[in-house]
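Student: Going down the list, the sequences are from chains A and B.
Residue numbers for the first sequence follow the UniProt record's numbering, beginning at 1 and rising by one.
Residue numbers for the second sequence follow the UniProt record's numbering, beginning at 1 and rising by one.
Glycine is no exception: its CB is placed at the ideal position from the N, C-alpha and C atoms.
Before I ask anything, let me first share the structure, which is written out below as structure tokens.
There are 2 protein chains.
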Amino acid sequence: MRTAFYISDGTAITAEVFGHALLTLFPAQFEHVTIPFVETTDMAEQVKQRINDRYKTTGQRPLIFQTFVDDALRQIINSSDGICYDFLNAFVEPIQRELGVAPVPKTHRTHSIHEQTYDFRIDAVNFALANDDGSNLKNYNQADIILVGVSRSGKTPTSLYLALQYGIKAANYPFVEEDMEQLRLPEVLKRNKAKLFGLTITPERLSQIREQRRANSRYASLRQCQLELAEVEKLYQREQIPFLNSTHLSIEEISAKIIAKTGLKRHKY
Amino acid sequence: MRTAFYISDGTAITAEVFGHALLTLFPAQFEHVTIPFVETTDMAEQVKQRINDRYKTTGQRPLIFQTFVDDALRQIINSSDGICYDFLNAFVEPIQRELGVAPVPKTHRTHSIHEQTYDFRIDAVNFALANDDGSNLKNYNQADIILVGVSRSGKTPTSLYLALQYGIKAANYPFVEEDMEQLRLPEVLKRNKAKLFGLTITPERLSQIREQRRANSRYASLRQCQLELAEVEKLYQREQIPFLNSTHLSIEEISAKIIAKTGLKRHKY
Numbered sequence: 001m002r003t004a005f006y007i008s009d010g011t012a013i014t015a016e017v018f019g020h021a022l023l024t025l026f027p028a029q030f031e032h033v034t035i036p037f038v039e040t041t042d043m044a045e046q047v048k049q050r051i052n053d054r055y056k057t058t059g060q061r062p063l064i065f066q067t068f069v070d071d072a073l074r075q076i077i078n079s080s081d082g083i084c085y086d087f088l089n090a091f092v093e094p095i096q097r098e099l100g101v102a103p104v105p106k107t108h109r110t111h112s113i114h115e116q117t118y119d120f121r122i123d124a125v126n127f128a129l130a131n132d133d134g135s136n137l138k139n140y141n142q143a144d145i146i147l148v149g150v151s152r153s154g155k156t157p158t159s160l161y162l163a164l165q166y167g168i169k170a171a172n173y174p175f176v177e178e179d180m181e182q183l184r185l186p187e188v189l190k191r192n193k194a195k196l197f198g199l200t201i202t203p204e205r206l207s208q209i210r211e212q213r214r215a216n217s218r219y220a221s222l223r224q225c226q227l228e229l230a231e232v233e234k235l236y237q238r239e240q241i242p243f244l245n246s247t248h249l250s251i252e253e254i255s256a257k258i259i260a261k262t263g264l265k266r267h268k269y
Numbered sequence: 001m002r003t004a005f006y007i008s009d010g011t012a013i014t015a016e017v018f019g020h021a022l023l024t025l026f027p028a029q030f031e032h033v034t035i036p037f038v039e040t041t042d043m044a045e046q047v048k049q050r051i052n053d054r055y056k057t058t059g060q061r062p063l064i065f066q067t068f069v070d071d072a073l074r075q076i077i078n079s080s081d082g083i084c085y086d087f088l089n090a091f092v093e094p095i096q097r098e099l100g101v102a103p104v105p106k107t108h109r110t111h112s113i114h115e116q117t118y119d120f121r122i123d124a125v126n127f128a129l130a131n132d133d134g135s136n137l138k139n140y141n142q143a144d145i146i147l148v149g150v151s152r153s154g155k156t157p158t159s160l161y162l163a164l165q166y167g168i169k170a171a172n173y174p175f176v177e178e179d180m181e182q183l184r185l186p187e188v189l190k191r192n193k194a195k196l197f198g199l200t201i202t203p204e205r206l207s208q209i210r211e212q213r214r215a216n217s218r219y220a221s222l223r224q225c226q227l228e229l230a231e232v233e234k235l236y237q238r239e240q241i242p243f244l245n246s247t248h249l250s251i252e253e254i255s256a257k258i259i260a261k262t263g264l265k266r267h268k269y
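Laid out in structure tokens, this is it:
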């Protein structure tokens, strides 16, 4: 199996995203090795040795996705037996030409605590946790968005992703069984109606997810899921709450669609 | 101000990471516009129009970071007045040559529910939430790692990031004031000692963070923070629990360092 190395003087998250986007295009299996925080020439030499050893053992040149900012470190990795795909280096020059500004190489520009928006993101995570599942109703005036939906329709993981990735403060409010008889918007949601965004899901998928939580319960039964979802979707329509169906979507996709639909301000790019 | 567009037939997350890594190298301000889920030629034509309009209004050609898999859609964007930086296209051919395998272009390969590891990540998020802050001690046998440390040392956001990004099941356990008199490992942690990883932080930073929570409290006082941290660090040393100081680190950096130190198995690359 071919080995792919993701190497950086920082977290190597960018190198991973970059390599992953490319390698998933190919119908092949890879062994993945991430080596973050390679910050000295000594460490870079050790990594070079690992790459060369891997080549010797497997007879196949490893693929190297690297995002060094330091040129000396980059050169050491480039001199290994791996094949280096260096997208920063490939695109810096054309962008420099277009902007007419020289780059100012600096390590830890991305994914570090020094990013301007870092505190926004941590505040947003704490907000999401404190306002999960209908707790802390009085904080809704601070929310950027309030996700609503039945239990297990994807509200909580989506709230956390919006916080971590984008610094968006997302509260979430569950419509529970007891509300279903005559489903209306509670006062606290009415007062924040412009912030509401609904999630829905197919009854089949919801029942499956709930079964994992409470097997053979009324809560997980297809009938109960059908009933709750029908009520909630009627409410969305009647109150003109924007919503989307999360059945076939990842939390990344749900989040990106919510932002695109609502025009929510993001604190991180 | 120059405009940077991030455009894709998927979430555009990869396009954002790619563009962000490059643009942060330059001492310049940009207006950022993300347009995800451009899935039809009609939509692509509309986006092309937006790019051209932006050029007309500003007199500066927008920078376009795009990750289309569909060639027809990519061509439409490429024919706009923006300057397209297309890293997938730039690197696919060299990788194809090296692997001797043709790519199989498919949309939604990344950041979708169809990724093999998606369920791991959602399970891990639920696990982190259920095992936050010392709740649910009996689940520790299912944890991949147990983060320990004083209140507000970064355990919870790190647990969530490990779950969301890597599918790693992280529980966390707080050492609270009442334990400090004679700090020892509780039985439940002793039994899972190989899974423990400690966080620490400087007393000054901890006090600052706690002040935001409970201003002018004993809990937030520098003296109390010093006392707790000294006790906890002694415990880490005595019990040989690996630990790191989170003061100057982002949750991305803490997570990457924990994985590098422990060799934890990741479920996502």
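Which ranges does the alpha helix (DSSP H) cover as unbroken runs of at least 4 residues, wholly within the stretch 27 to 114 of chain B, from first to last along the chain?
Tutor: The stretch 27 to 114 of chain B contains these whole alpha helix (DSSP H) runs: 41 to 58, 71 to 78, 87 to 99.
Student: Have a look at aspartate 9 of chain B and alanine 256 of chain A and give me their C-alpha separation to the nearest angstrom.
Tutor: Here residue 9 of chain B is taken as the residue at index 9 of the second sequence, counted from 1. Here residue 256 of chain A is taken as the residue at index 256 of the first sequence, counted from 1. Their Cα atoms are separated by approximately 12 Å.
Student: Under 8 Å, do lysine 169 of chain A and phenylalanine 127 of chain A count as touching if we go by C-beta distance?
Tutor: Position 169 of the first sequence holds residue 169 of chain A. Position 127 of the first sequence holds residue 127 of chain A. Yes.
Student: Indicate whether at least one CB of chain B lies closer than 8 Å to the CB of isoleucine 168 of chain A.
Tutor: Start at 1 with the first residue of the first sequence, and residue 168 of chain A comes out as number 168. Answer no: the Cβ-Cβ gap between isoleucine 168 of chain A and chain B never drops below 8 Å.
Student: Nearest chain A C-beta to histidine 267 of chain B closer than 8 Å, yes or no?
Tutor: Residue 267 of chain B sits at position 267 when you count from the first residue of the second sequence. Chain A, which has no Cβ nearer than 8 Å to the Cβ of histidine 267 of chain B, makes this no.
Student: Under 8 Å, Cβ to Cβ, is there at least one residue of chain A near glutamate 93 of chain B?
Tutor: Position 93 of the second sequence, counting from 1, holds the residue named residue 93 of chain B. Cβ-Cβ to chain A under 8 Å: no for glutamate 93 of chain B.
Student: With DSSP as the reference, please indicate the residues paired to valine 150 of chain A in a beta bridge.
Tutor: Here the question's residue 150 of chain A lines up with position 150 in the first sequence. Beta-bridge pairing links valine 150 of chain A to A:Phe175.
Student: Does the stretch 157 to 166 of chain A come into contact with the stretch 177 to 189 of chain A, if we say contact requires no fewer than three beta-carbon pairs (one atom in each stretch) closer than 8 Å?
Tutor: The answer is no - the stretch 177 to 189 of chain A does not touch the stretch 157 to 166 of chain A, with fewer than three Cβ pairs under 8 Å.
Student: Specify whether the stretch 71 to 85 of chain A and the stretch 38 to 50 of chain A touch according to this definition: at least 3 beta carbon pairs, one from each stretch, less than 8 Å apart.
Tutor: With the cut-off at 8 Å, the stretch 71 to 85 of chain A and the stretch 38 to 50 of chain A touch.
Student: Does any residue of chain B bring its CB to less than 8 Å from the CB of valine 104 of chain A?
Tutor: By one-based count along the first sequence, residue 104 of chain A stands at place 104. Chain B contact via Cβ: present.
Student: Mind checking if valine 125 of chain B is an interface residue toward chain A, Cβ cutoff 8 Å exclusive?
Tutor: Here the question's residue 125 of chain B lines up with position 125 in the second sequence. At least one chain A Cβ lies under 8 Å of valine 125 of chain B.
Student: I'd like the span of the alpha helix (DSSP H) that includes methionine 264 of chain B, first residue to last.
Tutor: What you label residue 264 of chain B is simply residue 264 of the second sequence in a count that begins at 1. Looking at the sequence provided, one finds leucine at residue 264 of chain B rather than methionine. Per DSSP, leucine 264 of chain B belongs to no alpha helix (DSSP H) and is neither H nor E.
Student: Around the C-beta of lysine 155 of chain A, are 16 or more other C-beta atoms found within 10 angstroms, so that it is buried, or is it exposed?
Tutor: Taking the first residue of the first sequence as position 1, residue 155 of chain A is located at position 155. Classification for lysine 155 of chain A: buried.
Student: Express the C-alpha separation of arginine 210 of chain B and leucine 199 of chain B in angstroms, rounding to a whole number.
Tutor: Here residue 199 of chain B refers to the residue found at position 199 when the second sequence is read from its first residue. Here residue 210 of chain B refers to the residue found at position 210 when the second sequence is read from its first residue. Each residue's alpha carbon lies about 16 Å from the other.
Student: Could you tell me the distance, in whole angstroms, from the CA atom of histidine 20 of chain A to the CA atom of glutamine 224 of chain B?
Tutor: Taking the first residue of the first sequence as 1, we reach residue 20 of chain A at position 20. Taking the first residue of the second sequence as 1, we reach residue 224 of chain B at position 224. Histidine 20 of chain A and glutamine 224 of chain B: Cα-Cα distance of roughly 45 Å.
Student: Name the two residues that bound the continuous alpha helix (DSSP H) containing glycine 19 of chain B.
Tutor: Residue mapping note: residue 19 of chain B aligns to position 19 of the second sequence, counting from 1. Counting along the chain, the alpha helix (DSSP H) containing glycine 19 of chain B begins and ends at 13 to 23.
Student: Taking just the CA atoms, how far does leucine 227 of chain A sit from threonine 24 of chain B?
Tutor: On the second sequence, position 24 is the one that residue 24 of chain B refers to. On the first sequence, position 227 is the one that residue 227 of chain A refers to. Their backbone Cα atoms lie some 50 Å apart in a straight line.
Student: What residue from B:Asn139, B:Gly59, B:Val232 has the CA that sits closest to glutamate 181 of chain B's CA?
Tutor: The residue you call residue 181 of chain B lines up with position 181 of the second sequence. Here the closest residue by C-alpha is B:Val232.
Student: Cβ of serine 112 of chain B within 8 Å of Cβ of serine 246 of chain B?
Tutor: On the second sequence, residue 112 of chain B is found 112 positions in, with the first residue counted as 1. On the second sequence, residue 246 of chain B is found 246 positions in, with the first residue counted as 1. Contact flag unset, no.
Student: Along the chain, where does the beta strand (DSSP E) that runs through leucine 199 of chain A open and close?
Tutor: Along the first sequence, one-based indexing puts residue 199 of chain A at 199. Note, leucine 199 of chain A: beta strand (DSSP E), 196 to 200.
Student: Do phenylalanine 91 of chain B and tyrosine 85 of chain A have their CB atoms nearer than 8 Å?
Tutor: Walking along the second sequence from the start, residue 91 of chain B turns up at place 91. Walking along the first sequence from the start, residue 85 of chain A turns up at place 85. Yes, these two residues count as a Cβ contact at 8 Å.
Student: Pull the bridge partners of arginine 2 of chain A from the DSSP assignment, please.
Tutor: The residue you call residue 2 of chain A lines up with position 2 of the first sequence. DSSP lists A:Phe30 as partners of arginine 2 of chain A.
Student: Quick test of the definition: if touching needs 3 or more C-beta pairs under 8 Å, does the stretch 234 to 249 of chain A touch the stretch 60 to 72 of chain B?
Tutor: Short answer: they don't touch.
Student: Do we get a CB-CB distance below 8 Å when we pair phenylalanine 37 of chain A with the residues of chain B?
Tutor: The residue given as residue 37 of chain A occupies position 37 in the first sequence. So, interface residue.
Student: For glutamate 252 of chain B, count neighbouring C-beta atoms within 10 Å of its own C-beta (all shown protein chains included) and say buried if the count is 16 or more, exposed if not.
Tutor: Walking along the second sequence from the start, residue 252 of chain B turns up at place 252. Classification for glutamate 252 of chain B: buried.
Student: Which word fits glutamine 29 of chain B, buried or exposed, when buried means at least 16 other C-beta atoms lie within 10 angstroms of its C-beta?
Tutor: Translated into positions along the second sequence, residue 29 of chain B becomes position 29. Classification for glutamine 29 of chain B: exposed.
Student: What residues match up with leucine 235 of chain B in a beta bridge as DSSP calls it?
Tutor: The residue labelled residue 235 of chain B in the question sits at position 235 within the second sequence. For leucine 235 of chain B, which the question treats as bridged, DSSP gives no partner whatsoever.
Student: Under a Cβ-count criterion, where at least 16 other Cβ atoms within 10 Å of its own Cβ denotes burial, should alanine 215 of chain A be classed as buried or exposed?
Tutor: Here the question's residue 215 of chain A lines up with position 215 in the first sequence. Flag for alanine 215 of chain A reads exposed.
Student: So if I threshold CB-CB distances at 9 Å, which residues from the stretch 252 to 266 of chain A count as touching chain B?
Tutor: Here the close residues are Glu252, Glu253, Ser255, Ala256, Lys257, Ile259, Ala260, Arg266.
Student: Alpha carbon to alpha carbon, what distance is there between valine 125 of chain B and lysine 265 of chain B?
Tutor: Taking the second sequence and counting its residues from 1, one reaches residue 265 of chain B at position 265. Taking the second sequence and counting its residues from 1, one reaches residue 125 of chain B at position 125. Near 16 Å, if we compare the C-alpha coordinates of valine 125 of chain B and lysine 265 of chain B.
Student: Of the residues that make up the stretch 67 to 99 of chain A, which ones have a beta carbon closer than 9 Å to any beta carbon in chain B?
Tutor: For the stretch 67 to 99 of chain A, which is checked against every Cβ of chain B, the residues closer than 9 Å are Thr67, Val69, Ile83, Tyr85, Phe87, Leu88, Ala90, Phe91, Val92, Pro94, Ile95, Gln96, Glu98, Leu99.
Student: Candidates A:Val148, A:Ala143, A:Asn141, A:Ile122: which alpha carbon is nearest aspartate 133 of chain A's?
Tutor: Here residue 133 of chain A is taken as the residue at index 133 of the first sequence, counted from 1. Closest by alpha carbon: A:Val148.
Student: Is DSSP giving isoleucine 7 of chain B helix, strand or coil here?
Tutor: Translated into the one-based positions of the second sequence, residue 7 of chain B becomes position 7. Correct three-state label for isoleucine 7 of chain B: strand.
Student: How far does the alpha helix (DSSP H) with leucine 162 of chain A in it extend, from its first residue to its last?
Tutor: What you label residue 162 of chain A is simply residue 162 of the first sequence in a count that begins at 1. Here the alpha helix (DSSP H) through leucine 162 of chain A covers 155 to 166.
Student: Express the C-alpha separation of phenylalanine 26 of chain A and valine 101 of chain B in angstroms, rounding to a whole number.
Tutor: Counted from its first residue, the second sequence places residue 101 of chain B at position 101. Counted from its first residue, the first sequence places residue 26 of chain A at position 26. Between valine 101 of chain B and phenylalanine 26 of chain A, the C-alpha separation is close to 7 Å.
Student: Express the C-alpha separation of methionine 1 of chain A and isoleucine 51 of chain A in angstroms, rounding to a whole number.
Tutor: Numbered from 1 along the first sequence, position 51 holds the residue referred to as residue 51 of chain A. Numbered from 1 along the first sequence, position 1 holds the residue referred to as residue 1 of chain A. Taking the straight line from one Cα to the other gives about 14 Å.
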